[in-house]
Amino acid sequence: MYERHKGMKEMIEKNDWRLQGQERYLIGEKFIFKKYQMKSEKWDHDHCEFCWKKFMETDDSNDEIINEGYSTVDNYRWICKECFNDFKEMFKLEIIN
Ligand SMILES: [Zn+2]
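Remember, the numbering used here sits 6 above the position in the sequence shown when you count from 1.
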């Protein structure tokens, strides 16, 4: 798949440890920036699709746990701010809010 992206700015290495085949489901996805909300009592957190940082409903976010980021419209996939900025061009990610 990297052939298609030859023209892009080469800021992120193709062998970045966070790249794990997300192109199978993330290319061109639409995202909304918002506070994390847990899905149910049993499903109270999610992980960044790239760096695996933890999203939780919390007031004190830190390096490991964050409370806001970019989610797909269906709330299913979450990406932290840092990874979103790093990969938005490579994956043609769109923000719709
Ligand atoms: Zn991340």
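In this text, a Cβ means the ideal position worked out from N, Cα and C, and glycines have one as well. As the structure is a computational prediction, the values presented were derived from the model and not from experiment.
Helix, strand or coil at residue i according to DSSP, with G and I counted as helix
i      : result
Glu29  : helix
Glu100 : strand
First and last residue of the uninterrupted beta strand (DSSP E) at residue i
i     : result
Ile38 : 36-41
Cutoff 7 Å; reference residue i; Cβ partners in own chain excluding five residues on either side
i      : result
Lys41  : Asn73, Glu74
Lys98  : Ile33, Gly34
Ser77  : Phe37, Ile38, Lys40, Arg83, Trp84
Ile133 : Outside the displayed span of the chain (7 to 103) sits residue 133, for which this structure offers no information.
Beta-carbon contacts of residue i that lie in its chain and below 8 Å, excluding the five residues immediately before and after
i     : result
Asn21 : none
Ser67 : Asn73, Glu74
Problem set entry | Contact the segment 49-66 vs the segment 79-95: 3+ CB pairs below 8 Å | yes
Problem set entry | Contained alpha helix (DSSP H) runs [length at least 4] in the segment 43-98, N- to C-terminal order | 87-93
For this session: Evaluate the contact criterion for the segment 59-70 versus the segment 31-39: three or more CB pairs, one atom per stretch, below 8 Å.
Result: Result no; under three Cβ-Cβ pairs closer than 8 Å.
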